[in-house]
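For what it's worth, the UniProt record's numbering labels the leading residue of the sequence shown as 1, then goes sequentially. Before any comments, here is the structure.
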Amino acid sequence: MVANEVAVSVNSKGLMNFEHYREKATPKPDKEDNSEAQPPGSEEEATSDTPAEAEKKEEEEEEKKVEETKDEEGMWEENFKEHHDSKPRGPSSVGMDISFPGVEHVYGIPEHADSLALKNTIGSEPYRLYNLDVFEYELDSRMALYGSIPVMLAHSVSKTVGIFWMNAAETWVDISSSDARKAEEEVPQVETHWFSESGIIDVFVMLGPKPHDVFKQYATLTGPTALPPLFGISYQQCRWNYNDEEDVKNVDAGFDEHDIPYDVLWLDIEHTDGKKYMTWDSSKFPTPDVMQNKLAAKSRKMVTIVDPHIKRASGYRIHEEASRLGLYIKNKDGGEYENWCWPGTSSWIDFTNPEYRHWWADQFSLDNYKGSTNTLFIWNDMNEPSVFHGPEITMHKDAIHFENWEHRDVHNIYGMYLHMATGQGLMQRSGGRERPFVLSRAFFAGSQRYGPIWTGDNKAEWGHLKASIPMILSIGITGLPFCGADVGGFFGNPDTELLTRWYQAGAFQPFFRAHAHLDTKRREPWLFDDNTKRIIRESIRRRYALLPFWYTLFFHASNEGTPIVRPLWVEYPKDKSTFTIDDEYLIGTDMLVKPVTTAGQTTMDVYLPGKDEYWYHLDTLKIFRGGNSVTVEAPLDKIPVFQRGGSIFPRKQRIRRCSSLTHDDPYTLTLALDMKGEAEGDLYIDDGHTFAYKNGAFAYMKFSFKQGKLVANNVKPNTSFKTKAWIERIVILGISNSPKSIVLRSDGKETQLPFSHDSTTFVLNIKKPAVIADSEWAIAMYA
Numbered sequence: 001m002v003a004n005e006v007a008v009s010v011n012s013k014g015l016m017n018f019e020h021y022r023e024k025a026t027p028k029p030d031k032e033d034n035s036e037a038q039p040p041g042s043e044e045e046a047t048s049d050t051p052a053e054a055e056k057k058e059e060e061e062e063e064k065k066v067e068e069t070k071d072e073e074g075m076w077e078e079n080f081k082e083h084h085d086s087k088p089r090g091p092s093s094v095g096m097d098i099s100f101p102g103v104e105h106v107y108g109i110p111e112h113a114d115s116l117a118l119k120n121t122i123g124s125e126p127y128r129l130y131n132l133d134v135f136e137y138e139l140d141s142r143m144a145l146y147g148s149i150p151v152m153l154a155h156s157v158s159k160t161v162g163i164f165w166m167n168a169a170e171t172w173v174d175i176s177s178s179d180a181r182k183a184e185e186e187v188p189q190v191e192t193h194w195f196s197e198s199g200i201i202d203v204f205v206m207l208g209p210k211p212h213d214v215f216k217q218y219a220t221l222t223g224p225t226a227l228p229p230l231f232g233i234s235y236q237q238c239r240w241n242y243n244d245e246e247d248v249k250n251v252d253a254g255f256d257e258h259d260i261p262y263d264v265l266w267l268d269i270e271h272t273d274g275k276k277y278m279t280w281d282s283s284k285f286p287t288p289d290v291m292q293n294k295l296a297a298k299s300r301k302m303v304t305i306v307d308p309h310i311k312r313a314s315g316y317r318i319h320e321e322a323s324r325l326g327l328y329i330k331n332k333d334g335g336e337y338e339n340w341c342w343p344g345t346s347s348w349i350d351f352t353n354p355e356y357r358h359w360w361a362d363q364f365s366l367d368n369y370k371g372s373t374n375t376l377f378i379w380n381d382m383n384e385p386s387v388f389h390g391p392e393i394t395m396h397k398d399a400i401h402f403e404n405w406e407h408r409d410v411h412n413i414y415g416m417y418l419h420m421a422t423g424q425g426l427m428q429r430s431g432g433r434e435r436p437f438v439l440s441r442a443f444f445a446g447s448q449r450y451g452p453i454w455t456g457d458n459k460a461e462w463g464h465l466k467a468s469i470p471m472i473l474s475i476g477i478t479g480l481p482f483c484g485a486d487v488g489g490f491f492g493n494p495d496t497e498l499l500t501r502w503y504q505a506g507a508f509q510p511f512f513r514a515h516a517h518l519d520t521k522r523r524e525p526w527l528f529d530d531n532t533k534r535i536i537r538e539s540i541r542r543r544y545a546l547l548p549f550w551y552t553l554f555f556h557a558s559n560e561g562t563p564i565v566r567p568l569w570v571e572y573p574k575d576k577s578t579f580t581i582d583d584e585y586l587i588g589t590d591m592l593v594k595p596v597t598t599a600g601q602t603t604m605d606v607y608l609p610g611k612d613e614y615w616y617h618l619d620t621l622k623i624f625r626g627g628n629s630v631t632v633e634a635p636l637d638k639i640p641v642f643q644r645g646g647s648i649f650p651r652k653q654r655i656r657r658c659s660s661l662t663h664d665d666p667y668t669l670t671l672a673l674d675m676k677g678e679a680e681g682d683l684y685i686d687d688g689h690t691f692a693y694k695n696g697a698f699a700y701m702k703f704s705f706k707q708g709k710l711v712a713n714n715v716k717p718n719t720s721f722k723t724k725a726w727i728e729r730i731v732i733l734g735i736s737n738s739p740k741s742i743v744l745r746s747d748g749k750e751t752q753l754p755f756s757h758d759s760t761t762f763v764l765n766i767k768k769p770a771v772i773a774d775s776e777w778a779i780a781m782y783a
């Protein structure tokens with residue numbers, strides 16, 4: 001119940017089902033004929049049946065059981081194309097219906113390339129949760145993709161509630177909405193039916209009643225997102241593959257030559273010695289540590305790919321040790337599971353075993369991972385797991401894991417365990433000092449604790465750019481906010497318009513990485529015409545200017561479990577017009593973005609929520625009233641970005657070649673005033689890469705502007721952390737009249753500050769207050 005109303009109804013349709021494990025009935029062998037008379041008092045004498053009749057009845061019962069089993073063809077064993085599933089525990093499933101009275105829309109259960117508001121599935125395929133390596137995935141589809149989070153949010157103007165169906169087996173969800181039933185007297189309701197192939201019914205109900213309440217409740221169950229290092233939310237450059245050390249050197253130099261910042265260069269599978277992970281191709285990468293150190297000298301990082309399939313090759317230490325210690329997943333007969341992936345014949349470490357995860361973590365030490373350095377980070381791909389000669393390109397369900405669990409029971413959680421073990425390895429490598437950075441393709445509930453994910457192998461098509469927005473929103477509201485899509489599309493060659501629009505969108509997504517397939521044309525930004533290069537450079541530089549804003553949002557996500565990019569209804573839960581919007585979104589509470597996702601479009605209709613709010617268009621500085629749709633210009637070099645009135649954004653306007661070099665650079669605060677002439681905001685600062693913040697080594701500043709006075713408070717002063725960064729400029733949007741004087745009060749002193757005012761744009765610039773960013777101060781304006 002929420003506010004004396006039923007919020008969630010379980011099993012109201014009577015669809016609860018628990019199909020237990022059982023043994024398959026088999027015919028008994030023929031018995032020897034024994035017609036000798038039985039002694040008095042025997043069992044046969046106690047019945048009216050003769051021994052022959054009793055035996056006949058027993059045989060008939062056994063035959064009946066066998067016939068019943070035959071009637072359940074496909075339940076005890078199953079064939080899929082050339083693959084066989086032995087199903088040794090027989091048919092099993094669990095299911096339950098869960099209804100949401102008073103609700104018209106439900107969201108979540110990623111990952112699907114579909115709309116944010118989930119669709120009615122009656123008469124069509126249900127949504128499927130089963131981690132799969134899907135080649136060029138379809139759009140507007142309920143098909144399974146790379147990750148699964150069995151979490152659903154139901155929202156109405158009066159409440160938000162959530163369901164967490166904690167089951168890692170293949171799961172399906174049917175949705176029936178009352179939209180089709182148009183009787184006016186009927187209360188809206190969404191009915192859902194959840195069913196999994198195996199496991200138990202383990203359901204958590206999160207009663208909200210507000211969206212952020214559900215986010216926090218879910219975070220208490222599975223954990224909030226990990227606070228990433230600053231470089232992890234900066235721009236990253238990848239392709240399959242950068243060819244050799246000379247290629248790496250030239251790409252790195254190209255960014256500097258063309259004044260484009262970036263933080264991380266990635267290497268895909270071709271950097272290895274014959275697809276043996278944690279090795280290097282000695283001809284192409286003869287001095288990998290030197291290569292990494294040259295990047296590190298510029299404060300940049302490298303990421304290499306490490307997949308879970310291990311090449312079965314003699315002389316390969318990882319394989320020989322894993323086989324000797326018995327670390328591989330077993331096949332149904334108890335031998336090592338073997339199949340085919342990038343290296344050829346491969347086996348898979350059983351990451352469901354905690355001891356094996358500890359072994360895996362040890363492999364990332366500098367002694368074990370030869371050629372690695374402390375500035376090398378990791379990418380876990382193909383961890384659904386992808387198995388080239390398996391059913392649906394994944395592992396056979398009757399493979400055996402730790403404690404005799406079948407793969408069918410743990411399939412959706414396998415990739416998360418690899419993610420967990422790799423992250424642990426990077427932490428161990430630094431002695432627990434440095435935050436790890438590990439990207440994973442597969443994910444499950446809880447993956448947010450270990451690092452970012454991305455939306456997989458998309459295509460260089462406008463439809464895939466558009467689909468990336470609801471995909472990222474769906475993943476974000478189900479607890480995994482650190483997500484992005486491959487900029488430019490993984491498959492195919494985008495034209496310059498699509499590429500620039502994708503960079504503009506990617507710059508406003510939590511994980512910002514360009515990536516492309518081996519067979520695509522090279523796409524480094526300087527390989528295009530000057531105008532395309534300029535727009536890409538501006539998009540990336542805009543991301544870098546806003547890194548303090550993004551980093552503060554990640555701080556909140558790591559503490560409170562809040563999504564970073566959010567559907568409009570999260571912050572405007574009573575505005576019905578927002579409930580199905582998924583082509584624009586909020587970043588935090590105060591920035592609204594609508595990427596251009598259609599070719600040739602140069603104007604955009606944008607819905608601005610909040611009828612009593614102002615929204616400031618950040619390119620033109622024009623002020624709009626909320627609660628309306630507005631049309632704004634969107635030429636090729638611009639997308640609509642708005643700041644909510646009543647907010648304060650921190651920025652760093654000095655753009656350097658990578659994020660860490662800006663650590664001591666000054667801040668600019670941009671205030672956008674609301675209808676009362678007020679604003680508030682915050683800023684989180686730490687060292688950007690270690691775990692020292694967990695011991696209080698950080699500053700958290702809150703800013704408020706009321707009645708012409710801006711006040712800065714350090715919410716948690718700590719002598720173990722001090723920043724050299726200072727405030728160099730304050731920009732106030734929405735001031736119609738210029739003040740006569742502006743005075744800074746800091747450390748008991750008063751200082752007159754220079755300023756300028758533009759009466760046409762209502763912008764006030766306060767110059768060089770020169771206060772340290774984590775100090776307390778106040779600025780007063782006098783008419």
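Glycine is no exception: its CB is placed at the ideal position from the N, C-alpha and C atoms. Predicted model only: the values in this text are computed from it and were never measured.
Return the chain-ordered list of same chain residues with a C-beta closer than 8 Å to the C-beta of residue i, the five sequence neighbours on each side being excluded.
i	result
Ala778	Lys709, Leu710, Val711, Ala712, Leu744, Arg745 and Ser746
Leu753	Ile742, Val743, Leu744, Ile766, Lys767, Lys768, Pro769 and Ile779
Ile608	Here residue 608 turns out to be Leu, not Ile, going by the sequence shown. Taken in chain order, the residues that qualify are Leu592, Trp615, Phe624, Arg625, Gly626, Gly627, Asn628, Ser629, Val630 and Phe642.
residue 826	Only positions 1 to 783 of the chain appear in this structure, which leaves residue 826 out of reach.
His20	Ser92
Val251	Gln237, Tyr242, Leu265 and Glu524
Glu750	Val743 and Leu744
Out of the options, point me to the one whose CA is closest to residue i's CA.
i	options	result
Thr220	Met675, Thr478, Ala399 and Ser234	Thr478
Lys622	Asp281, Gly463, Ser124 and Pro640	Pro640
Asp582	Gly108, Arg89, His84 and Pro101	Gly108
Glu403	Tyr356, Leu527, Phe721 and Ser738	Tyr356
Lys210	Asp637, Val632, Glu571 and Asp687	Glu571
Glu104	Asp202, Pro126, Met395 and Thr192	Thr192
Lys159	Phe512, Leu207 and Ile149	Leu207
Ser660	Ala679, Tyr503, Asp686 and Asp637	Asp686
Val438	Val731, Arg534, Ile732 and Phe482	Phe482
Ile655	Pro666, Phe649 and Gly645	Pro666
Ile149	His396, Asn120, Thr279 and Ile472	Ile472
Val187	His212, Trp172, Ser156 and Ile200	Ser156
Asp259	Gly423, Lys533 and Gly90	Lys533
Lys676	Leu267, Pro385 and Gly646	Gly646
Would you give the residue range spanned by the alpha helix (DSSP H) that residue i belongs to?
i	result
Glu538	Asp530 to Ala545
His358	Pro354 to Asp362
Lys421	The question names Lys, but residue 421 in the sequence shown is Ala. Taken as a continuous stretch (DSSP letters only), the alpha helix (DSSP H) holding Ala421 covers Tyr414 to Arg429.
Gly146	It is Tyr, not Gly, that sits at residue 146 in the sequence shown. Neither: Tyr146 is in no alpha helix (DSSP H) and is coded neither H nor E.
Arg408	His407 to Val410
Kindly indicate the opening and closing residues of the beta strand (DSSP E) around residue i.
i	result
Phe642	Val641 to Arg644
Trp526	Segment: none, Trp526 is in no beta strand (DSSP E) and carries neither H nor E.
Met701	Ala699 to Lys706
Gly681	Ala679 to Ile685
Tell me which residues share the same chain as residue i and place their Cβ nearer than 7 Å to its Cβ, disregarding the 5 neighbours each side in the sequence.
i	result
Pro40	Here the model assigns Pro40 a pLDDT of 42, short of 50, so the residue's position is not dependable, and the following value carries that caveat. Answer for Pro40: no residue qualifies.
Val6	Pro101
Val248	Tyr242, Leu265 and Met291
residue 799	A question about residue 799 goes unanswered here, because the residues of the chain that appear run from 1 up to 783.
Hey, residue i and residue j: beta-carbon distance below 8 Å or not?
i	j	result
Arg435	Pro229	yes
Phe762	Ile735	yes
Lys332	Ser12	no
Give every residue of the same chain whose Cβ lies closer than 6 Å to the Cβ of residue i, excluding the five residues on either side of it in the sequence, and list them in chain order.
i	result
Thr284	A quick correction: the sequence has Lys, not Thr, at residue 284. Asp244, listed in sequence order.
Arg449	Gly223 and Ala226
Glu45	Low per-residue confidence applies at Glu45: pLDDT is 41, beneath 50, and the placement is therefore not dependable enough to give any value.
Phe388	Trp340 and Cys341
Ser42	Any reading at Ser42 needs caution, since the residue's pLDDT is 42, under 50, leaving its predicted position unreliable; the model's value is listed next. Excluding residues within five positions, none has a Cβ falling inside 6 Å.
Gln217	Met206
Three or more C-beta pairs below 8 Å linking the stretch 362-376 and the stretch 283-298: yes
Three-pair Cβ contact test at 8 Å for the stretch 411-431 versus the stretch 450-458: yes
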